[in-house]
Structures are given as C-alpha cells and as structure tokens.
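**Q** Chains as they are written, first to last, in our numbering: chain C, 12 to 294; chain B, 78 to 363. Note that beta-carbon positions come from the ideal geometry of N, C-alpha and C, so glycine has one too. What you are looking at is a predicted structure, and each value in this text was computed from that prediction instead of being measured. My structure is below; once you've seen it, I'll send some questions.
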Amino acid sequence: MGSVMDTVMGSVMGTVKAELLRLWKWPATWVLTGVWLVMTLTFGYVFNYLALSGGTNTRDLSQQQLIGSMQPENAGAAVVRGLPMFGGAIVLVLAALAVGSGYGWGTWKTTLTAGPRRVSAMAGTLGALAVVVVVLVALTFVVDLGAAIAVASLEDWGWSLPGWSAVEAVGASLLIAAMWTAFGVFLGVATRGPALAVGLGLMWAVVAENLLRGVGSLLGPVESLTGVLPGGSAGNLAGAVGGSGAPGVLNDLSGTTAALFLLGYVVFFAGAATLLKVRRDLV
Amino acid sequence: MIVTTEKLTKRYGDRAVVDEVSLSVRRGEVYGFLGPNGAGKTTTIRMLLGLVKPTGGTARVLGEAPGTPKALLRVGSLIEGPGFYPYLSGRDNLRVHAARRGLARSHVEAALEQVDLVGAAGQGFRRYSLGMKQRLGVAAALLGRPELLILDEPTNGLDPAGMADMRDLVRALTAQGQTVLLSSHLLGEVEEICDRVGVIANGRLVAESTVEQLRGDTVLLVRADPVEKAHVLIEGSSLHGDVLHVREADAASLVRTLVQADVDVREVRPLLRTLEEVFFEMTGAA
Ligand SMILES: Nc1ncnc2c1ncn2[C@@H]1O[C@H](COP(=O)(O)OP(=O)(O)OP(=O)(O)O)[C@@H](O)[C@H]1O
Ligand SMILES: [Mg+2]
C-alpha cells in the first residue's frame, strides 16, 4: 500500500514538475501576469494617487477614503478587491488556455501516454496551476504593498505594515483565484479547446453574472441566486474581508458562507474536469 | 508475446471502425501494421495505449492492461503526428516529457542524438520543418529505452533520406532487443525491415504473416503458342492477354505437357508479384 502511494505521489510530482516547466516558459503566463499586475497597480494606486494629488476626485470617494485605500496596511484589501471580476477573468483565461490548448497541440495525447494515470495527470496539472495562482497572488501582494509604501513615502504619511487582516485578505484572494482557475480548467476540458473555453468563461465572469444581477434587482429570487453563483460568491468573500469599492464586490453574504460556496465550486469544477478527463476517449 | 489483441473492436455509432482484430506482436520483432487510409490503424493503436476504450474484445500490452502505468512506462509511442508545445524548444519539449515519465534529464540528449536533432534542439518547435517535428516525436518515443515502441506512420513527412535513416534506426533498435510495432500505408517502405506484417482493411485484419508468406505461392508466367490451346491443356491456368498465369505448378511437367501436345513454349518463369500488388488485392477485396 505504501509503495502504491509512493508511486502515485511520484507520478503526480513528475507531472507537476513537467507542467511547471512548460507554464514557466509559456509567454501567455507572463503576458497575463503582466496585464494583471499593471491593472491592479493602475486601478489600485495610479488613478487614486492622481485623483488625490490633482484634486480631480470624481469617483465619489472622500479624500480620507482615497488615502485609506492606498495605505500600506490595506494592501491585502487592494489585492482581494480586484479578484472577483478582472483578476478572476485573467486566471480563468490562463487556466482555460493552458488546458484547452493541449487538445489542439496534441500534448494531451503525449501526456496521457507518458505513464502516469489520467487522475495523476490531472492532479499534476491542477497542482501546477495552484502553484501559479499562489505565486500570482503573492506577487500581487508584494507589488501592491510596494506601491502603497511608495505612495506613503512620497506623501509623508505615517504608515504601518499590514497586520492580521492582510493574511485574511490574501487567503480570500487565493480561494477566489483558485475558484476561477478550476472554472477555467473545467471549461478547457469540457470544450476540448482554448477558444470556446475562453469565450464562455469571459462571457460568464464578466457579462452573464452582471446581467443576472441587473435582473436580480427586479426579481427577488434571482437576486438571492446571484449571490451564490461563482462570481457572486467571490464578490461576497472579497466584500467580507474589506475589499469594497470595486466592480463585482458584494456585501450580501457572510464571509464564511461565501468561502464555503467557493470551496464547493473548486471541488465541483476540479472534480468534474477530472471525471471528464478520465472517462472520455482522447482522439 | 509483447502485444496481443483478442477480437478487439471499436464502434462509433453502428460503424465498426476496428472490427474483431486479433493480432500478436512477438518479442524482438518489427511488426508492420499495414492498411490504406481510414483502415483503422490509428484507432487500434490508440486502444493499445489506452487513449480510446474498446467497445469489445481485449488487448494486453507487455502482459498488462493498456493505458495503465505499468504498460505505458515500458512503451514509447508516436501516434498520428507529434504532440508538442509549439513555444518550447525541441530540447525543452523532451525535458517536459522526461519529467512526466519520471526520467532523468540525461536521457534527453541521448534521444536527440539518435534522431540527429542535436543541432536544432535549441530551436522552437514551432519553427521545425515537418520532418524535424516527426523526428522529435520519435525521439520522445525513444526516451528511456522502452521495451516496446509503437510508431504510427513514423515516416510521415520524411524525405527519402529521412525514410532510410528511420529504417536504419528501427533496425538498430531491434538489434538492441527492443520490439517495434509500426504502422504504414506504404508497403514498400516497411517491407525490408518488417519481420511480420498485419494487414488491416475496413477495420478487419485480413492477413497476418511474414512478408514472404504474404507474397504467397509463386505463380508461373507461361508464354506459349497457340496460347488458347495451352490454356485448355493446363488446368487452373488463367489467360492474361497473350500469356498464362499458372498457380502452384511444376515447371518441368508443365513444359512436357505442352510440348507433347505440339504447343511451342517460348517462355516459362516465376512471376514475382510485388507486395504492393498483393496488398492491393487484399485490401481491395475486403
Ligand atoms: N472519433 C471518431 N468518431 C467517428 N469516427 C472515427 C473517429 N475516429 C476515427 N474514426 C473513423 O475510423 C476510421 C479509421 O480511422 P483511423 O484513424 O484508425 O484510420 P487509419 O488506418 O489510421 O488511417 P490513416 O492511414 O489515414 O491514418 C476512419 O474512417 C475514421 O473516420
Ligand atoms: Mg492513422
């Protein structure tokens, strides 16, 4: 039994290593990471700073709110704020591309004939993407914190490093990003290609849930449903850990409820993708 | 036996794409899996590697169920063209594959050398020519010296020199004790290197034998005058223009019969049918 586990772990580790190697050298990984970091900096700090220093504050935020959002101790909230919609869309695209392209390139065929079982191959893929997500969120935190410290020093604010609340916010960010990643993996496997997977994923993350929220304000039942959809749960968790004031962030559910829904989606999407991968013929 | 299948069948809808195929590949041989386009070669090979689940029958690869790690780790394969990451170099693609197979990086250089790709190993796969892509696919199959190589049309896209190289490579592999199953729709191309061949047409295995057996009994070509009279005299002969074809006949007694009946015999020689003709007859008839 022990040796069976060893073999399984060994093949999962081999697959994770292989996947990390190819994701690391994949231009799309860096392009999407770069786009996301630029976005989070621009919307989290550059515009706010310009509004603050130029006095052209048209975003209905008081000076105090602007200053607060850029404080280094709120860097965690700055990370989580962007994830329910834009950050989520980016990791979803990355995952859908990473998994979906393998069908056209024929690399799934190479992967599935290499040795490891299909379950191990999928576990390896999910594991490697999890590493990418952790690195991405950590990088975002570091960049946001750096920007916040830069602003605070420029403006001569008294500032302090983030505390426990930042840990909570970063944890929530990880869960949100993991959910969108699993969603992307599921779409890539289900549609067996990158194009439809990315299209459907973006439609859902950016358009469909927003439309439903619009309908929700007219119909009560739809409104309570939108709160627990993937994007809705992500938005509610972000709202619960202090990430208010960005598109897609909501305040309808408790943090715990939202986190449990997200966890459920992660398990569901990853499980469904693995089941499809194991069951279907690869032609 | 390295590979055996028992009535292996794959149906798509109500069409049997592979229809009760029972074949066997022996240790150390080069087995040619031959058939025209759409015959079911790739589908059979996919079943041997666990990519496609059979709808009927069974298969064993190295004594194991197809597609299990125990089988796959001992088989190197190239199925219907190489599947690599276009943005990675040839070498990086092999490194990724080696990691999946649990092999050390040192195996990569050896495989690159075997297919003569060391010089281009640093180039992006995207920029490889068709033949280079194909050779990289073979290199991936060779990684770690598996006991069995399953190569689906490995010479696809290779020029004549490349094809000759591939044949030399396959010969060298069997000299090291590896078993090779290779598919092709060009008989002439594999005739020289195959110990045995299986011929598949419309999903059915129509023959499995050595190349010599496949060629069948020699046929005598007889040119005689008057040919009609000779045709009547020799039982089982068939008239093809102004010559006769006679199956399984003793040349000496045939000539005696004709001469005694006052027929002039101008030429008697064995008619060597090319394998291509045999192949065409078989697959055309199925
Ligand atoms: N997924 C599928 N669904 C339906 N039909 C299929 C599928 N895959 C293959 N076929 C059919 O099965 C038949 C055999 O295909 P296969 O690829 O095995 O042939 P092949 O002998 O490898 O041909 P080639 O020499 O052209 O490579 C073809 O007619 C093909 O259309
Ligand atoms: Mg084929």
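Tell me which residues share the same chain as H174 of chain B and place their Cβ nearer than 8 Å to its Cβ, disregarding the 5 neighbours each side in the sequence.
**A** Locating residue 174 of chain B in the second sequence gives position 97, where the first residue counts as 1. Correct list, in chain order: A217, L220.
**Q** Residues of chain C with CB under 7 Å from G160 of chain B, in chain order?
**A** Walking along the second sequence from the start, residue 160 of chain B turns up at place 83. Result: W116, G117, T118, K120, T121.
**Q** Where V218 of chain C and G79 of chain C are concerned, what is the direct C-alpha to C-alpha distance, given to the nearest angstrom?
**A** Numbered from its first residue, the first sequence carries residue 218 of chain C at position 207. Numbered from its first residue, the first sequence carries residue 79 of chain C at position 68. In a straight line, the C-alpha of V218 of chain C is about 30 Å away from that of G79 of chain C.
**Q** Does P205 of chain C come within less than 8 Å of chain B when only Cβ atoms are used?
**A** What you label residue 205 of chain C is simply residue 194 of the first sequence in a count that begins at 1. For P205 of chain C, the answer is no, since every Cβ of chain B falls outside 8 Å of its Cβ.
**Q** Using the Cα positions of M96 of chain C and A109 of chain C, report the straight-line distance between them to the nearest angstrom.
**A** As a position in the first sequence, residue 96 of chain C is number 85, starting the count at 1. As a position in the first sequence, residue 109 of chain C is number 98, starting the count at 1. Roughly 20 Å between the two C-alpha positions.
**Q** When you get a sec, list the residues whose CB is within less than 7 Å of any heavy atom of ligand 2, chain order please.
**A** Going by the Cβ distance cut-off, the answer is B:K118, B:T119, B:E157, B:D229, B:E230, B:S260.
**Q** Against G368 of chain B, what residues of chain C qualify as contacts under a CB-to-CB distance less than 8 Å, listed in chain order?
**A** No answer is possible for residue 368 of chain B: it lies beyond the span of chain B, which begins at 78 and ends at 363.
**Q** List, in order along the chain, the chain B residues whose C-beta lies closer than 8 Å to that of T124 of chain C?
**A** Within the first sequence, numbered from 1, the residue matching residue 124 of chain C stands at position 113. Residues of chain B passing the Cβ test: L126, G127, L128, L149, V152, S154, I156.
**Q** Buried or exposed: G354 of chain B, going by 16 or more other Cβ atoms within 10 Å of its Cβ?
**A** Walking along the second sequence from the start, residue 354 of chain B turns up at place 277. What sits at residue 354 of chain B in the sequence shown is Glu, not Gly. Under this definition E354 of chain B is an exposed residue.
**Q** Once DSSP output is grouped into helix, strand and coil, what is the label at R203 of chain B?
**A** Numbered from its first residue, the second sequence carries residue 203 of chain B at position 126. Correct three-state label for R203 of chain B: helix.
**Q** Put V274 of chain B into one of helix, strand or coil per three-state DSSP.
**A** Numbered from its first residue, the second sequence carries residue 274 of chain B at position 197. V274 of chain B falls in the strand class under three-state DSSP.
**Q** Quick one: Cα of M359 of chain B to Cα of E285 of chain B, how far?
**A** Translated into the one-based positions of the second sequence, residue 359 of chain B becomes position 282. Translated into the one-based positions of the second sequence, residue 285 of chain B becomes position 208. Taking the straight line from one Cα to the other gives about 12 Å.
**Q** May I ask you to check if the CB of H262 of chain B is nearer than 7 Å to at least one heavy atom of ligand 1?
**A** Here the question's residue 262 of chain B lines up with position 185 in the second sequence. Within the cutoff, so yes.
**Q** Just the Cα atoms here: how many angstroms apart are M12 of chain C and L128 of chain B?
**A** Translated into the one-based positions of the first sequence, residue 12 of chain C becomes position 1. Translated into the one-based positions of the second sequence, residue 128 of chain B becomes position 51. Residue confidence for M12 of chain C is low, a pLDDT of 47 falling below 50, so the modelled location carries little weight and cannot support an answer.
**Q** Y276 of chain C and A193 of chain C: beta carbons closer than 8 Å?
**A** One-based indexing of the first sequence puts residue 276 of chain C at position 265. One-based indexing of the first sequence puts residue 193 of chain C at position 182. Against a cut-off of 8 Å, the Cβ pair of A193 of chain C and Y276 of chain C comes out as a contact.
**Q** What does the alpha-carbon distance come out to for the pair A363 of chain B and G135 of chain C?
**A** Here residue 363 of chain B is taken as the residue at index 286 of the second sequence, counted from 1. Here residue 135 of chain C is taken as the residue at index 124 of the first sequence, counted from 1. The predicted model places A363 of chain B with a pLDDT of 49, which falls under 50 and marks its position as unreliable; any figure quoted below should be read in that light. The alpha-carbon atoms of A363 of chain B and G135 of chain C are separated by roughly 45 Å.
**Q** How would you call E269 of chain B, buried or exposed, if buried means at least 16 neighbouring beta carbons within 10 angstroms?
**A** Indexing the second sequence from 1 puts residue 269 of chain B at position 192. With fewer than 16 other Cβ atoms within 10 Å, it is exposed.
**Q** Span of the beta strand (DSSP E) holding H322 of chain B?
**A** For this step, residue 322 of chain B is matched to residue 245 along the second sequence. Counting along the chain, the beta strand (DSSP E) containing H322 of chain B begins and ends at 320-324.
**Q** Compile a chain-ordered list of the residues in the stretch 165-177 of chain B whose CB is closer than 9 Å to at least one CB of chain C.
**A** The stretch 165-177 of chain B vs chain C, Cβ under 9 Å: L165, S166, D169, N170, R172, V173, H174, A175, A176, R177.
**Q** What in chain C is Cβ-close to A394 of chain B, meaning under 7 Å?
**A** No answer is possible for residue 394 of chain B: it lies beyond the span of chain B, which begins at 78 and ends at 363.
**Q** For A284 of chain B, which of helix, strand or coil comes out of DSSP?
**A** On the second sequence, residue 284 of chain B is found 207 positions in, with the first residue counted as 1. In this structure, A284 of chain B counts as strand in the three-state DSSP scheme.
**Q** Restricting to Cα atoms, I'd like to know which of C:A158, C:L261, C:F272, C:L236 is closest to L89 of chain C.
**A** For the purposes of this step, residue 89 of chain C is identified with residue 78 of the first sequence, where counting begins at 1. Before going on, a small fix: residue 89 of chain C reads as Ala here, not Leu. Of the candidates C:A158, C:L261, C:F272, C:L236, the one whose C-alpha sits nearest the C-alpha of A89 of chain C is C:A158.
**Q** Confirm the yes/no value for this check: CB of G374 of chain B, any heavy atom of ligand 1, distance under 7 Å.
**A** This structure cannot speak to residue 374 of chain B, because chain B is shown only from 78 to 363.
**Q** By the criterion of Cβ-Cβ separation under 8 Å, what are the contact partners of A217 of chain B in chain C?
**A** Stepping through the second sequence from its first residue, residue 217 of chain B is reached at position 140. T121, listed in chain order.
**Q** Name the chain B residues that come within less than 9 Å of W37 of chain C, Cβ to Cβ?
**A** Residue 37 of chain C sits at position 26 when you count from the first residue of the first sequence. Those are Y162, Y164, L165, listed as they occur along chain B.
**Q** Output the distance between the C-alpha atoms of K36 of chain C and L165 of chain B, rounded to the nearest integer angstrom.
**A** In the first sequence, counting from the first residue as 1, residue 36 of chain C sits at position 25. In the second sequence, counting from the first residue as 1, residue 165 of chain B sits at position 88. Computed Cα separation, rounded: 7 Å.
**Q** Any idea what DSSP makes of V340 of chain B, helix, strand or coil?
**A** For the purposes of this step, residue 340 of chain B is taken as residue 263 along the second sequence, with counting starting at 1. Coil.
**Q** Shorter than 8 Å from the beta carbon of K288 of chain C to some beta carbon of chain B?
**A** Sequence index remark: in the first sequence, residue 288 of chain C carries index 277 (1-based). So, not an interface residue.
**Q** Is the shortest distance between the beta-carbon of L211 of chain C and the beta-carbons of chain B less than 8 Å?
**A** Counting from one through the first sequence, the residue named residue 211 of chain C turns up at place 200. By this cut-off, L211 of chain C is not an interface position.
**Q** Can you tell me whether N247 of chain C is buried or exposed, with buried defined as 16 or more other CB within 10 angstroms of its CB?
**A** To locate residue 247 of chain C, count along the first sequence from 1; it is residue 236. Burial call: buried.
**Q** Give the C-beta separation of A245 of chain C and G99 of chain C to the nearest angstrom, bearing in mind that I take them to be a contact with Cβ-Cβ under 8 Å.
**A** Residue 245 of chain C sits at position 234 when you count from the first residue of the first sequence. Residue 99 of chain C sits at position 88 when you count from the first residue of the first sequence. Going by Cβ atoms, the distance from A245 of chain C to G99 of chain C rounds to 6 Å, so yes, they are a contact pair.
**Q** For Y276 of chain C, report the span of its alpha helix (DSSP H) as first-last.
**A** As a working note, residue 276 of chain C is residue 265 in the first sequence. Note, Y276 of chain C: alpha helix (DSSP H), 266-290.
**Q** Could you check whether the Cβ of N2 of chain C sits closer than 7 Å to any heavy atom belonging to ligand 1?
**A** Any question about residue 2 of chain C goes unanswered here, given that chain C covers just 12 to 294.
**Q** At the level of alpha carbons, what is the spacing between G256 of chain C and L236 of chain C?
**A** Within the first sequence, numbered from 1, the residue matching residue 256 of chain C stands at position 245. Within the first sequence, numbered from 1, the residue matching residue 236 of chain C stands at position 225. Near 22 Å, if we compare the C-alpha coordinates of L236 of chain C and G256 of chain C.
**Q** Could you check the C-alpha separation between G199 of chain C and T82 of chain B for me, to the nearest Å?
**A** The residue given as residue 199 of chain C occupies position 188 in the first sequence. The residue given as residue 82 of chain B occupies position 5 in the second sequence. Approximately 34 Å between the Cα atoms of the pair.
**Q** My assumption, with CB atoms under 8 Å, is that V296 of chain B sits in contact with H322 of chain B. Please give the rounded CB distance.
**A** Counted from its first residue, the second sequence places residue 296 of chain B at position 219. Counted from its first residue, the second sequence places residue 322 of chain B at position 245. With 8 Å as the limit, V296 of chain B and H322 of chain B qualify as a contact, their Cβ atoms being about 5 Å apart.
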